[in-house]
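These notes concern the structure reproduced below.
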Amino acid sequence: MAKKQFKTESKRMLDLMIHSIYTNQEIFLRELISNASDAIDKLYFKSLTDENVHMAREDFRIDISIDKDNRLLKISDNGIGMTEAELDKNLGTIAKSGSLQFSEENETDAHDVDIIGQFGVGFYAAFMVADKVEVVSRAYGAEQAFKWQSAGADGYTITEAQKDTVGTDITLHIKESSEEADFDKYLETYTISSLIKKYSDYIRFPIKMDMERSRPKEGTEGEYETYTENETVNSMVPLWKKNKSEISEEEYNKFYSEQFFAYDKPLHVIHQKAEGTTSYQALLFIPEKADYNYYSKNFEKGLALYCSGVKIMDKCADLLPDCFSFVKGVVDSEDLSLNISREMLQQDRQLKVIARALEKKIKKELEDLLLHSREDYEKFWKSFGLQLKYALYSSFGGERELLENLLLFTRASDSKLCTLKEYRDAMPENQKYIYYAAGESAQKLNLLPQAEAVRDKGFDMLCLTDDVDEFLMQILHSFDEKEFRSISGGDLGLETEEEKKEHEEKAESSKPLFDFMKEALGGKVSEVVLSNKLKSHPVCLSSKGAVSIEMEKVLDSMPNAENAPKAEKVLELNGNHPVFAALTNAFSADDKEKARQYTDLLYNQALLIEGLSIEDPVAFSNAICALMQ
């Protein structure tokens, strides 16, 4: 029979598909197996209404065989097959999909019928690894089989052939390997079985091939022999399509371990089936521990994405918001719009709908975990709490509704973790603000001079120990109509009106002293003030403006820190402390040198309390020694 030319495109188009549309060669096997599954689906669909089919569901299969000597890889199915006209129409026209046409012509609600193929280019992926492709097919209801044969874009032939059973055999003549490409691997049983597990593990029909196994050699000791056994390579039924009631914890753990190469057990499992305008099934895992590279730029988020049991992407990042990037799992949907290569998703409404639904589901599951399994949630928080904080901060509060109630902070009174709601519910009626302190550890924060005044009023405070915490507080600003207030900031609202009036009068009378001290410190502080938050301590540092002292520390630790903004430091003095009386006496006696010395000592003392370095430790030491003489 004379060679026919492809009806739509030239060699250039075929080259484009082979080299550009598909980014990796191994996709060819997924496409051919998907096509075989489509063919079986069509015949199975027909068997539901045509009693002449004489085939039950368990009779359908896909067979794969390898002939290394002749460099042949064969994929066979007992599906509906193709007539001569269908071979010409479906394989002679690039991008012609028989599956799509079948779906359009046979609308049905039967859930057991699933046509994977949407495009006709998948078959031509075979030419990435084969220099010649043969297709022998016998259509259901036909006596005569036909062979379609092509060596590439120069054309194809269709001739009569002999085939005893209905279905299609696709034989690939695998290319010779070169320095640039290894094609020999596609003649190895291990490679083919691995690709099946990777991409086609959940095809609904058994994929069978001869597998080499080893066993003790009969009549010998310590000797083994190799034998071949025809085995089903794929799992067929994915775990996420089973009913939750049928799945044990061990099965979930095994799936998690095998699919994500995890050594730990999942902290929580989310198994969801959603139906509606966009239907999908999801099996998600919240890990107990973060991956070693989770908080690095090398970490790649995303869920494994399947379309009708065929893996499309290892990690679809668009399915997860950054705040929930720690979630592992799979999503399977029949409603996704794939691009021409079936490798990538088009950014369509269905994908966005699924992503929004997953976001809500994950949030709800975390809230339930927080409410009903506090110990597990705190384990989760230890590993991934920082991610939630960063996500909330980086969105400038945009994720507030999603994440606010999931945050945990250490409570100063008992060093236990609490939510913002738990803190708010425990506040006395007369407490104006939600108080917090930021620093290295809860233990050290409890020792801050400012914390004493808060405790004396019977108020609790939150201890913020992560770098992002104070930045986050500024973005959130308040919770449940209560403003966040740093104990190292300005007015803490602890004074009565009478106390406030007395404080203002004393501060006014001390203004000349404070002006002197500010000048003596040479611009190191923006103000010297009489404190309304100190009890037993003589001095502390606070700040005003957008940048706190703790923020300054964080910014100074970053690259290009020389340009980082600095905190406007305020030196606060306890007017009821003996040290303040000594300072006042020295200033009143016009002993400016002693007053200046006291000022330096108090300033350096305040720096040390805040965990800041003093400029001249030697001078500080000498000044202390001078006072002791």
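Counted from 1, the sequence shown has number 425 at position 435 by this note's numbering; the numbering is strictly sequential.
From the three backbone atoms N, C-alpha and C, an ideal C-beta is built for every residue, glycine too.
Treat the numbers as computed from the prediction; the structure is a model and nothing was measured.
Can you list, in chain order, the residues of its chain whose CB lies under 7 Å from that of D304, leaving out five sequence neighbours each side? For D304, the CB contacts under 7 Å within the same chain, skipping 5 residues up- and downstream, are A294 in chain order.
Among F117, L359, S373, which residue has its Cα nearest to the Cα of Y285? For the residues F117, L359, S373, the minimum Cα distance to Y285 belongs to S373.
Would P439 pass as a contact of L309 if the rule is Cβ separation under 7 Å? The Cβ-Cβ distance between P439 and L309 does not fall below 7 Å.
Taking V537 and P555 to be in contact with their CB atoms under 8 Å, please state how far apart those CB atoms are, rounded to whole angstroms. Confirmed, Cβ separation roughly 5 Å.
Between which residues of its own chain and K434 is the CB-CB distance below 7 Å, once the five residues before and five after are set aside? Excluding positions up to five away in sequence, the list is empty.
In whole angstroms, what separates the C-alpha of K188 from that of K301? Whole-angstrom Cα-Cα distance: 8 Å.
Give a yes or no on whether the C-beta atoms belonging to G292 and C306 are separated by under 7 Å. Yes; because the gap between Cβ atoms is below 7 Å, this pair is in contact.
Supposed contact pair V259 and K379 - C-beta distance, whole angstroms, cut 8 Å: K379 to V259, Cβ: 25 Å. No contact.
Please list, in chain order, all residues of the same chain as G375 whose beta carbon is under 7 Å from its beta carbon, the five residues on each side excluded. Within the same chain, G375 has close Cβ partners L398.
So I182 packs on I54, CB below 8 Å; how close in whole Å? So it is a contact: roughly 6 Å between Cβ atoms.
Hey, how far is the Cα of T400 from the Cα of Y176? Roughly 57 Å separates the two Cα atoms.
For I260, the first and last residue of its enclosing alpha helix (DSSP H): For I260, no alpha helix (DSSP H) encloses it; the enclosing beta strand (DSSP E) starts and ends at 256 to 264.
Alpha-carbon spacing of S127 relative to F314, whole angstroms: Answer to the nearest angstrom: the Cα atoms are 48 Å apart.
Three-state secondary structure assigned by DSSP to R205: In the three-state scheme derived from DSSP, where H, G and I count as helix and E and B as strand, R205 is classed as strand.
Is G131 helix, strand or coil by DSSP? DSSP places G131 in the coil class of the three-state scheme, outside both helix and strand.
Identify every run of the alpha helix (DSSP H) within the region 165 to 210, keeping only runs that are complete inside it and at least 4 residues long; order them along the chain. Counting only runs of 4 or more, we get 179 to 189.
So is the beta-carbon of D325 under 6 Å away from any non-hydrogen atom of the ligand SAM? You won't find the ligand SAM in this model; it holds no ligand whatsoever.
Determine the contact status of K198 and R51, defining contact as a CB-CB distance below 7 Å. In contact: K198 and R51 (Cβ atoms closer than 7 Å).
What did DSSP end up calling L90 once you bin it into helix, strand or coil? At L90, the pLDDT of 48 sits below 50, so the modelled position is not reliable; the number obtained from the coordinates is stated separately. In the structure shown, L90 adopts helical secondary structure according to DSSP, grouped into three states.
Classify N436 as helix, strand or coil using the three-state DSSP reduction. Of the three classes helix, strand and coil, the one that applies to N436 here is helix, per DSSP.
Reduced DSSP category for F289 - H, G, I as helix; E, B as strand; rest coil: The answer is coil: DSSP assigns F289 none of H, G, I, E or B.
Three Cβ pairs or more, each shorter than 8 Å: is that satisfied between the region 224 to 235 and the region 199 to 211? Because the criterion of three Cβ pairs below 8 Å is not met, the region 224 to 235 and the region 199 to 211 do not touch.
Would the region 202 to 216 and the region 160 to 173 be scored as touching if the rule is three or more Cβ pairs under 8 Å? Not touching, per the Cβ criterion.
Cβ atoms of T73 and A129: under 7 Å apart, would you say? A129 places its beta carbon less than 7 Å from that of T73.
Touch check for the region 449 to 466 and the region 418 to 438: three-plus C-beta pairs under 8 Å? Because the criterion of three Cβ pairs below 8 Å is met, the region 449 to 466 and the region 418 to 438 touch.
Expressed to the nearest angstrom, what Euclidean distance is found between the alpha-carbon atoms of T149 and C297? Annotation: T149 to C297 spans about 35 Å, alpha carbon to alpha carbon.
Taking all protein chains shown into account, decide if Q271 is buried (16 or more other Cβ within 10 angstroms of its Cβ) or exposed. Counting C-beta atoms within 10 angstroms of its own C-beta, Q271 has 16 or more neighbours from the protein chains shown and is therefore classed as buried.
Among V544, A402, V519, D546, the one whose alpha carbon lies nearest that of L592: Checked all of V544, A402, V519, D546; the closest Cα to L592 is V519.
Check whether the region 27 to 35 and the region 63 to 80 are in contact - that is, three or more C-beta pairs closer than 8 Å. They touch, by the three-pair rule.
Would you call the CB atoms of M463 and A402 closer than 7 Å? No, the Cβ-Cβ distance between M463 and A402 is not below 7 Å.
Buried/exposed call for K559, threshold 16 Cβ in 10 Å: A residue is called buried when at least 16 other Cβ atoms come within 10 angstroms of its Cβ; K559 meets this threshold and is buried.
Suppose you measure from the CA of K56 to the CA of E76; what does that come to, to the nearest Å? For clarity, residue 56 is Ile in the given sequence; the question names Lys instead. Rounded to whole angstroms, I56 to E76 spans 27 Å at the Cα level.
Out of P228, N14, T574, state which residue places its alpha-carbon closest to the alpha-carbon of M507. Among P228, N14, T574, the Cα nearest to that of M507 belongs to T574.
Determine the contact status of A432 and S405, defining contact as a CB-CB distance below 7 Å. Their beta carbons are under 7 Å apart, which means A432 touches S405 by this criterion.
Am I right that I23 and S190 are in contact with their C-beta atoms under 8 Å? What's the rounded C-beta distance? In this structure I23 touches S190 by the C-beta definition: roughly 5 Å separates them, less than 8 Å.
Could you give the distance in angstroms between the alpha-carbon of T39 and the alpha-carbon of G131? Distance between the alpha carbons of T39 and G131 is about 15 Å.
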